[in-house]
Amino acid sequence: MITEFTPLQSLFGGALIGTASVLLMLTLGRVMGATGILSGFLQPESHHDWSWRAAVLAGMVTAPGAMLLVTGQLPEIAVPVSMPMMIAGGFIVGLGVTFGAGCTSGHGVCGMARLSRRSIAATLTFMTFTAGTVFVIRHVIGG
Amino acid sequence: MTRLLTTYFIGLLFGLGIAISGMANPAKVLNFFDFAGNWDPSLIFVMGGALVVTFFGYRLVFGRAVRAPVMGEQYHLPTGTRLDIRLIGGSALFGVGWGIAGFCPGGALPAIGTLNPAVLTFVAALVAGILCAKALRNLTNPAAAKAPRPQTSPKG
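Top line first, the protein sequences correspond to chains Y and D.
The first sequence begins at 635 in the numbering used here and counts up one residue at a time.
The second sequence begins at -6 in the numbering used here and counts up one residue at a time.
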């Protein structure tokens, strides 16, 4: 499946992600990491700690609806992956981000922006393994 | 209330960024990693845009005269510097899962709002994976599970 190269749209989206990350640090002093926020939402330390996570997640989930209101269309989601693979992938991601203590947003954006050693190492590791996995699935197994 | 409204809008902003950038689209994400196939370099621009804004934005935030966030007592930042097997192994595992599904947590969570069945399936499996890993971690190291998380100054 060929996808269109969208440098300006992606750059703009990336800048919004960055702006949200800066604002969450400025207001609550928190890292805008999807894994950390979700993880703490599932098993919160206190009600005070839970409520802001719930609010961030509510904001995230309403974004496609807001986009539909403004532009008249939902974000494009094309899934070239079978449901069993989606389940396996989701479960493995859940294990990995918990042991690795972060994902693309927490390590790849927020941690790298702080020049954290751990985040730089984590990001290089998952990017390499993602590319390797895609190569194996598409060009070794898939042929 | 102001705190929750503010964080709601921050989440909305993040979600819009994900939706507009293409991070919620597995076809696009997987093509970014498919150098040997239909390579789509768009995601470099997502990471680049997010990193540049956060890099300079964080410097402004941490450079403020008041050494605390506007609506909180302190900055909550990880303080560890060790590159241990858990960090690297976990990140490698995350990469494998991302390569299989095409969704990362930040890409999938805002996409829940589309009610796309593939997204909902991924998120359910993601939550199961997170809870499983937490249970495993508590089993193997109950002391660490109970200890409070270290939280200090912005020096990372």
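Beta carbons are placed, not taken as given, at the ideal position from N, Cα and C, and that holds for glycine.
Bear in mind the structure is a predicted one, so any value in this text is a computation, not a measurement.
Worksheet item: Just to confirm, are Ile771 (chain Y) and Val89 (chain D) a CB contact at a threshold of 8 Å?
Response: no
Worksheet entry | Every unbroken beta strand (DSSP E) inside the region 682 to 768 of chain Y [3 residues or more] | none
Fill in: Spatial distance of Ala94 (chain D) from Leu691 (chain Y) (CA atoms)
21 Å
Practice prompt. State buried or exposed for His682 (chain Y), treating a residue as buried only when at least 16 other CB atoms are found within 10 Å of its CB.
Written response: exposed
Worksheet item: How is Ile636 (chain Y) classed by DSSP in three states: helix, strand or coil?
Response: coil
Worksheet item: Using the beta-carbon count (16 or more within 10 Å), is Phe28 (chain D) buried or exposed?
Response: exposed
Worksheet entry | Closest by C-alpha distance to Gly647 (chain Y), when choosing among D:Val39, D:Asn24, D:Phe26 and D:Asn31 | D:Val39
Worksheet item: Any Cβ of chain Y within less than 8 Å of the Cβ of Val39 (chain D)?
Response: yes
Worksheet entry | Reduced DSSP category for Ala29 (chain D) - H, G, I as helix; E, B as strand; rest coil | coil
Worksheet item: Run through DSSP, which three-state label would Thr661 (chain Y) get?
Response: helix
Fill in: Alpha carbon of Gly704 (chain Y) to alpha carbon of Asn131 (chain D), nearest angstrom
The sequence given here has Val at residue 704 (chain Y), not Gly. The alpha-carbon atoms of Val704 (chain Y) and Asn131 (chain D) are separated by roughly 45 Å.
Fill in: Proximal chain Y residues relative to Ala12 (chain D), where beta-carbon distance stays under 7 Å
Ala697, Pro698, Met701 and Pro709
Worksheet item: Name the chain Y residues that come within less than 7 Å of Gly82 (chain D), Cβ to Cβ?
Response: Phe733
Worksheet entry | Residue-level contact to chain Y via CB, Gly15 (chain D), 8 Å cutoff | yes
Item to complete: Grab me the residues of Gly670 (chain Y)'s own chain with a C-beta within less than 7 Å of its C-beta, minus the 5 sequence neighbours each way, in chain order.
Response: Gly736 and Gly740
Discussion item. DSSP three-state label for Ser680 (chain Y), please.
Written reply: coil
Fill in: Ala765 (chain Y) versus Arg751 (chain Y): straight-line alpha-carbon distance, rounded
21 Å
Item to complete: Classify Leu70 (chain D) as helix, strand or coil using the three-state DSSP reduction.
Response: coil
Worksheet entry | Alpha-carbon spacing of Leu642 (chain Y) relative to Leu702 (chain Y), whole angstroms | 20 Å
Worksheet entry | Candidates D:Arg79, D:Gly56 and D:Pro62: closest to Thr133 (chain D) by CA position | D:Arg79
Worksheet item: Quick one: which chain Y residues come within Cβ less than 8 Å of Arg60 (chain D)?
Response: Going along chain Y, no residue has its Cβ under 8 Å from Arg60 (chain D), so there is no contact; the nearest lies around 10 Å.
Item to complete: Tell me, to the nearest whole angstrom, how far the beta carbon of Leu6 (chain D) is from that of Ala654 (chain Y); I am working on the premise that it is less than 8 Å.
Response: 4 Å
Fill in: Three-state class that DSSP yields for Arg52 (chain D) in the structure shown
helix
Worksheet item: Would you say Val715 (chain Y) reaches chain D, if we count a Cβ-Cβ gap shorter than 8 Å as a contact?
Response: yes
Item to complete: To the nearest angstrom, report how far apart Leu76 (chain D) and Phe733 (chain Y) are at their CA atoms.
Response: 12 Å
Discussion item. Determine whether the beta carbon atoms of Thr759 (chain Y) and Ile123 (chain D) lie at a separation below 8 Å.
Written reply: no
Discussion item. By the three-class DSSP mapping on this structure, what secondary structure does Gly776 (chain Y) have?
Written reply: coil
Worksheet item: Looking only at its own chain, which residues have a Cβ that is under 6 Å from the Cβ of Leu36 (chain D), when we skip the five neighbours before and after it?
Response: Phe25
Practice prompt. Step through the CB atoms of chain D and report whether any lies within less than 8 Å of the CB of Pro678 (chain Y).
Written response: no
Practice prompt. Give the secondary structure of Gly65 (chain D) by DSSP, where H, G and I count as helix, E and B as strand, and everything else as coil.
Written response: coil
Practice prompt. Determine contact between the region 710 to 720 of chain Y and the region 8 to 25 of chain D, defined as no fewer than three beta-carbon pairs at a distance below 8 Å.
Written response: yes
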